[in-house]
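> Please see the structure below; I have some questions.
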Amino acid sequence: MVIPRPLRPQIKEYEKAGFHVTRIEPRNGAHFKIWFAEFDEPQFITKNVLEWRSLKNNIAQYRRLAAQKG
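Shown next as structure tokens:
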């Protein structure tokens with residue numbers, strides 16, 4: 012799988028948190044549709060993470076989704 016350069020730092024953080032990206036699809040503008048092995052539904056992210064807190068919020072949201080599923 013080819014990871015677009017702007018997403019590489021984000022993907023590393025998601026993988027550190029225990030989430031595994033299986034597929035990435037570019038969308039309009041700065042958005043990407045990504046699939047995680049842990050979820051049935053794709054998630055939408057932006058390549059413009061302007062502050063570290065938004066990345067932490069995404070990870071927290073993914074943990075809540077995983078807890079609901081599990």
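Our numbering runs 11 ahead of the 1-based position in the sequence shown. Think of the CB as a built atom: it goes at the ideal place given N, C-alpha and C, for glycine as much as any other residue. Only a predicted model underlies this, so the values are computations on that prediction, with no experimental measurement involved.
Just to check my reading of the structure: GLU24 and LEU66 have Cβ atoms closer than 8 Å, yes? What is that Cβ distance to the nearest angstrom?
Confirmed, about 6 Å.
> What span of residues does the alpha helix (DSSP H) with ILE22 cover, start to end?
Segment 19-27, the alpha helix (DSSP H) holding ILE22.
> With respect to the alpha helix (DSSP H) encompassing ARG9, which residues constitute its N-terminal and C-terminal limits?
An answer regarding residue 9 cannot be provided, because it is not within the stretch 12 to 81 covered by the chain.
> Apart from the five residues on each side of it in sequence, which residues of its chain come closer than 7 Å, Cβ to Cβ, to GLN21?
Cβ within range, chain order: ILE56, VAL60 and LEU66.
> Look up PRO37 in the DSSP assignment and give the residues it is bridged to.
Per DSSP, PHE43.
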